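Contents: one structure, followed by commentary.
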Amino acid sequence: MLRLKRFVLLFFILTAGFYFGQQWLTTSTAGKNLAGDAAPAAPTGVAASDGDYIDKVGVMWNAVRGAALYRIFRSTSNNPASATDVGTTAANYFFDTTAVVNQNYFFWVRAENGSGNSSLSNADQGVRAVGEFQSSIFSPLSPSPTPTENQVTAAKASLGKALFWDEQLSSTLTVSCGTCHRSGKGGSDPRTGVNDQRSTNPGYDSLFNTADDVFGSPGVPLNNLDGTYTPSNLFGFNEQVTGRKAPSYLNAGFAFNGLFWDGRASNMFRDPLTNQVLITEWGALESQVLGPPVSNAEMGHGNRNWTQVAQQIAAAKPLALASNIPPSLAAWIDGRTYPQLFEEAFGTPEVTPARIAMAIATHERTLFSDRAPLDRWASQIEQLTAQEDRGLQIFVASNCSSCHGGPLLSDQNFHNIGLRPQIEDIGREAVTGRVQDRARFKSPSLRNVELRGPYMHNGRFQTLEEVVEFYNRGGDFDAPNVDDIIQPLGLTTDQKADLVAFLKRPLTDPRVRDELPPFDRPQLYSESNHVPVITGTGRAGSGGIVPQAVAIEPPLLGNPSFTVAVAKGLGSAQAVLVIDANDPGVGSTIPASGSFVRVAVNLSGSGNGNGYGSASLPIPNNAALIGQTFYGRWYVTDAGAANGFAVTQAFRFTVFGTAPTEPNRAPADFDGDGKTDVSVFRPSNGYWYLNQSSNNAFRAEQFGTTGDKLAPGDYDGDGKADVAVFRPNTGYWYILQSTNGSFRATQFGQAGDIPAAADFDGDGKADIALYRPSNNYFYLLYSSDGSFHFQPWGTSGDQPVMGDYDADGKTDFAIFRPSGAVFYILRSTDGTVIGQQFGQNGDRPVAADFDGDRKADIGVYRPGAGGWYYLQSTDNSFHGIAWGTNGDIPATGDYDGDGKWDVAVFRPTSGTFYILQSTNNSLRAHQFGAQGDSPVPSAYVP
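The numbering of the sequence shown is the working numbering, which starts it at 700 and goes up by one.
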């Protein structure tokens, strides 16, 4: 069995036959801690409240990357030398309760971590107002309670904000949490409209345009794990609509008896994978996060689970679909991956379901809207208008405050107000099982209520005036448990107008209305001009029905599943999807090709207009596609159509995204700094010896035994290569994951197989893969979904030389045939086969990006002559370099981190790496290892 004994040597250890020609004592760099984290930058965006509170001064600022703590200073003069330390917090807001009333102060904030402190921020002035609390019914709002197990930190809240607005949380990449919850709409969904077909759910009777229709939130089409669509009985291929109107997410942290209209999101938060209790109370925010991403109507595909959600987020570029990202959030993200953001927020980079929920909940917990005119009125800072004041009196006299009083303007209890017949939606009863809870729903907070129409859990009323009319008539439907307080009010026209006036401006926080920090947000993909557009005309088929094209998903560079569908075609017919740089048109024949894709699908369904199908297409990760516009149409074989086929309207889309700015990942980069680490494996004792380039630290891992084959790769997607081996005699892979040091064993393969671990599915993680010379097949397990794949490629004597030859982010199947000195490459972008004669028998093939264009170049190392020969993919130019001598082992890699792989060899006789650094064409000789060692960077060189 594999002996696992793991440790890191922080100082020089001398082993037999092992000599190091450099100093190995790790020294800390000024301004950095042992983990390499620098002291944080000074906070920006400092803003102190100007007379908004009578019991404190509020100070807010932008989160700082790497900050663990913030220290707040104040002074009565704009002189930091005279400033006094008034407190610390891990969040990015602070309330100074010791400020003297009506005294103007200057406030500064300093960011701190284990490496040191930032300089002070710029100052901002703030003052504590004069006043007294004058109302027990309308007391001002304070920050929401926080569960002990999930305290607020600025890093966690910033991560949560990114996740909240990231449409990549959904299966179709079209829906984020923020899609249905916008600050400017009072925390609800701006897409919801009364009698708007797109946001209409047919309700209890499943019939559209009847009295029980619900106006909710459009979610996702009914979709599957493989990206294809299945028609919904109610919505077809259109986005499904929720059965209730989206409640506000603002001030949701105050919930003490569950969230959602029926309170089903429990205050006790459990890990969705283990069911372990993680938060005992005040965890409703965390609990409510767990629902929508796995709902096949709101955000998920059928049978989606939280493991799949977490894996998708871990591989995603943060907010890749969004635009106009708030500068403060963009600065905190700073080009990092989600695992890196999770590492700052939680201490380690694991992206887990529970952590996703806790981060999003933390973001929501910071969104308390406590600066409404009503808060200032309740503190005697300002007065309401005469009409608003009359409305307030009516509000109290009419017992509205019984359910909508207190700081939150909600009692957070459940009531049946006689809105609709009980049978249509049983509400709270579904949670408690109690008949007396039938059709009871939670009282929403009235803060920012003027912004979030339509109103009620079914979105029935478009305006506040309609809401007041409903209560004035004493409800619409009686039931045994309708609250006694629901009685006709007998209000006059003027009184109703006064009441509405009170519900509007006084309850609205201007920062919420105007989406100002902390209520600012990015622009979503679904709001952008990146959404495909249906255009032109089609051709009708049998029954005079024109088939319908469906295209809503993002044409994002590198999107592995860009799904387009067709509906209303002839059932059981063949449909051909053609996407081209020009509109394929409505002609006399079906186009024979498409510059982007041409694919045939057999439609399901039967009869005229009942045929449907879909195709999930990858968009190559090729920067040349950015900005290119394509047109697509479906051609449905149909004898009842002119020329024998019906045609959909065209859909037009333009590929968008960011051209990759980072070079291909350096091989054997164990510390994630973008540079290949000088490293060897010693079969005699099963040790890996690594010289980490980021800090020149020596590291040793006992992992493997004689006979194991090296298989390093980034299996966990954290940007660091993992120590790994393949054991041929058992067919087991053993992987030491760098994210958390956990051990992983997978049986896959047999004796004689050659490990070929690489990222074949383009998810940013190495897939367990091998090449079997006995039958010339590649076998692999996709890390994205665990699925098994195989590809016959080659013939007897061929050698695997896989690499990303087309720069689409996916490794291509490739072999070198020594007998004819030919490379055969199967491009993953378009399935094209490339055959290139290069080299001679006896050469060792290498797949390396020597020119830094993110494409593997065809190359060979000639052992006898010590020569390197390669074709640069940028211009197909030939290059030859004499580097090495007989007996040397090719060990190419990007040792200097410039994005170009360096010519390099390992000389066993002296245990020395000889590297020709591409940055300045300089020689680097690095003595590291001993006779018999295997250089790790050459692990996949045949």
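Glycine residues also receive a C-beta, built at the ideal position from the N, C-alpha and C atoms.
For clarity, every value in this text was computed on a predicted model and none was experimentally measured.
In the DSSP assignment, the beta strand (DSSP E) including N1301 goes from what residue to what residue?
Reading the sequence shown from its first residue, position 602 is the one you call residue 1301. Where N1301 is concerned, the enclosing beta strand (DSSP E) stretches over 1296–1301.
Which residues in the same chain have their Cβ closer than 7 Å to the Cβ of R1054, if we skip the five residues on either side of it in sequence?
In the sequence shown, the residue the question calls residue 1054 occupies position 355. Contacts found: F1041, F1045.
What's the gap between the Cα of G830 and the Cα of A740?
What you label residue 830 is simply residue 131 of the sequence shown in a count that begins at 1. What you label residue 740 is simply residue 41 of the sequence shown in a count that begins at 1. Taking the straight line from one Cα to the other gives about 38 Å.
Looking at the structure shown, is P1472 part of a helix, part of a strand, or coil, going by DSSP?
Along the sequence shown, one-based indexing puts residue 1472 at 773. P1472 falls in the coil class under three-state DSSP.
Once the 5 residues before and after P1607 are set aside, which same chain residues still bring their CB inside 6 Å of it?
Here the question's residue 1607 lines up with position 908 in the sequence shown. For P1607, where only same-chain residues beyond five positions count, the Cβ hits under 6 Å are Q1630.
Is the stretch 1328–1344 touching the stretch 1241–1253 in the sense that three or more CB pairs, one from each, lie closer than 8 Å?
The answer is yes - the stretch 1328–1344 touches the stretch 1241–1253, with three or more Cβ pairs under 8 Å.
Three or more C-beta pairs under 8 Å: does that hold for the stretch 1138–1147 against the stretch 1110–1120?
Contact holds: three or more Cβ-Cβ distances are below 8 Å.
Mapping DSSP to helix, strand and coil, what is Q987?
Numbered from its first residue, the sequence shown carries residue 987 at position 288. Q987 falls in the helix class under three-state DSSP.
Who are the Cβ neighbours of N1281 in its own chain at under 7 Å, not counting the five residues just before and after it?
Against the sequence shown, residue 1281 aligns to sequence position 582. Cβ neighbours of N1281 beyond the five flanking positions: Y1330.
For the candidate residues R963, R881, H880, whose alpha-carbon lies nearest to that of S986?
Taking the first residue of the sequence shown as position 1, residue 986 is located at position 287. Of the listed residues, the one whose Cα sits closest to S986 is R963.
Any chance the stretch 877–889 sits against the stretch 939–950, with 3 or more Cβ pairs inside 8 Å?
Result yes; three or more Cβ-Cβ pairs closer than 8 Å.
Beta-carbon separation of Q1498 and P1641 under 8 Å?
For the purposes of this step, residue 1498 is identified with residue 799 of the sequence shown, where counting begins at 1. For the purposes of this step, residue 1641 is identified with residue 942 of the sequence shown, where counting begins at 1. Yes, these two residues count as a Cβ contact at 8 Å.
Rounded to the nearest angstrom, what separates M759 and A1314 at their Cα positions?
Locating residue 759 in the sequence shown gives position 60, where the first residue counts as 1. Locating residue 1314 in the sequence shown gives position 615, where the first residue counts as 1. Cα-Cα distance, rounded: 48 Å.
By alpha-carbon positions, which one of Y1388, K1419, Y928, W1432 ends up nearest to D1407?
Within the sequence shown, the letter at position 708 stands for residue 1407. It is W1432 whose Cα lies nearest to the Cα of D1407.
T1131 by DSSP, collapsed to three states: which one?
The count along the sequence shown starts at 1 and reaches residue 1131 at position 432. DSSP places T1131 in helix when its eight states are reduced to three.
What number of angstroms, rounded off, separates the C-alpha of N1023 from the C-alpha of R1220?
Counted from its first residue, the sequence shown places residue 1023 at position 324. Counted from its first residue, the sequence shown places residue 1220 at position 521. Between N1023 and R1220, the C-alpha separation is close to 8 Å.
With A1058 as the anchor, note down where its alpha helix (DSSP H) starts and where it stops.
In the sequence shown, counting from the first residue as 1, residue 1058 sits at position 359. Element bounds for A1058: 1052–1064.
When the Cα atoms are used, what is the spatial distance from P1366 to G1496?
Along the sequence shown, one-based indexing puts residue 1366 at 667. Along the sequence shown, one-based indexing puts residue 1496 at 797. So the two alpha carbons sit approximately 26 Å from each other.
Are A1071 and R1146 touching if we call contact CB-CB under 8 Å?
For this step, residue 1071 is matched to residue 372 along the sequence shown. For this step, residue 1146 is matched to residue 447 along the sequence shown. Contact flag set, yes.
Report back the beta-carbon spacing between D795 and I771 to the nearest angstrom; my notes put them in contact at under 8 Å.
Taking the sequence shown and counting its residues from 1, one reaches residue 795 at position 96. Taking the sequence shown and counting its residues from 1, one reaches residue 771 at position 72. Yes, they are in contact, since the Cβ atoms of D795 and I771 sit about 7 Å apart, within 8 Å.
By the three-class DSSP mapping on this structure, what secondary structure does L1145 have?
As a working note, residue 1145 is residue 446 in the sequence shown. Of the three classes helix, strand and coil, the one that applies to L1145 here is coil, per DSSP.
How would you label E1128, buried or exposed, when you count the other beta carbons within 10 angstroms and need 16 or more for buried?
The sequence position of residue 1128 within the sequence shown is 429, counting from 1. Looking at its Cβ environment, which holds 16 or more other Cβ atoms inside 10 Å, E1128 is buried.
Check whether the Cβ atoms of Q1391 and R1381 sit closer than 8 Å, and answer yes or no.
In the sequence shown, residue 1391 corresponds to position 692, counting from 1. In the sequence shown, residue 1381 corresponds to position 682, counting from 1. No.
In terms of residue numbering, what span does the beta strand (DSSP E) encompassing V1263 cover?
Along the sequence shown, read from residue 1 onward, the residue named residue 1263 stands at position 564. It spans 1261–1268 - the beta strand (DSSP E) in which V1263 sits, taken as one unbroken run.
Taking the runs of the beta strand (DSSP E) that are 3 residues or longer, which of them lie wholly in the stretch 1415–1479?
With a minimum length of 3 residues, the continuous beta strand (DSSP E) runs that stay inside the stretch 1415–1479 are 1422–1426, 1431–1435, 1442–1446, 1467–1471.
Between the Cα of H880 and those of K944, N761, S1294, F1549, spot the shortest distance and give me the residue it belongs to.
The residue labelled residue 880 in the question sits at position 181 within the sequence shown. Of the candidates K944, N761, S1294, F1549, the one whose C-alpha sits nearest the C-alpha of H880 is K944.
Can the beta-carbon of T941 be found closer than 8 Å to that of A996?
Within the sequence shown, the letter at position 242 stands for residue 941. Within the sequence shown, the letter at position 297 stands for residue 996. The answer is yes: Cβ separation under 8 Å.
In angstroms, rounded to a whole number, what distance separates the CA positions of W1492 and Y1523?
Your numbering for residue 1492 matches position 793 in the sequence shown. Your numbering for residue 1523 matches position 824 in the sequence shown. Those two C-alpha atoms are separated by around 9 Å.
Between the Cα of P1562 and those of D1548, N1394, W1582, spot the shortest distance and give me the residue it belongs to.
What you label residue 1562 is simply residue 863 of the sequence shown in a count that begins at 1. Ranking the options by Cα distance to P1562, first place goes to W1582.
If you reduce the DSSP assignment to three classes, tell me which class N1390 lands in.
Here residue 1390 corresponds to residue number 691 of the sequence shown, with the count starting at 1. In this structure, N1390 counts as strand in the three-state DSSP scheme.
Taking the alpha carbon of G1586 as the point to measure from, which residue in G1565, F1577, S1576, D1593 has its own alpha carbon closest?
For the purposes of this step, residue 1586 is identified with residue 887 of the sequence shown, where counting begins at 1. Among G1565, F1577, S1576, D1593, the Cα nearest to that of G1586 belongs to G1565.
Less than 8 Å between the CB atoms is what I'm expecting for T1405 and S1383, so what's the real figure, rounded?
Locating residue 1405 in the sequence shown gives position 706, counting from the first residue. Locating residue 1383 in the sequence shown gives position 684, counting from the first residue. Correct: roughly 7 Å between the Cβ atoms.
Please confirm whether A1457 and G1412 have their CB atoms less than 8 Å apart.
In the sequence shown, counting from the first residue as 1, residue 1457 sits at position 758. In the sequence shown, counting from the first residue as 1, residue 1412 sits at position 713. Yes, the Cβ-Cβ distance between A1457 and G1412 is below 8 Å.
When you compare only the Cα positions, how much space is there between V851 and N937?
Indexing the sequence shown from 1 puts residue 851 at position 152. Indexing the sequence shown from 1 puts residue 937 at position 238. C-alpha separation (whole angstroms): 39 Å.
In chain order, which continuous runs of the beta strand (DSSP E) of length 3 or greater are located wholly inside the stretch 871–946?
Runs of the beta strand (DSSP E) inside the stretch 871–946: none found.
Taking the Cβ atom as the reference point for each residue, do P1420 and I1434 lie within a distance shorter than 8 Å?
The residue you call residue 1420 lines up with position 721 of the sequence shown. The residue you call residue 1434 lines up with position 735 of the sequence shown. The residue asked about is misnamed: residue 1420 is Ala in this sequence, not Pro. It is not a contact, given that the beta carbons lie outside the stated cut-off.
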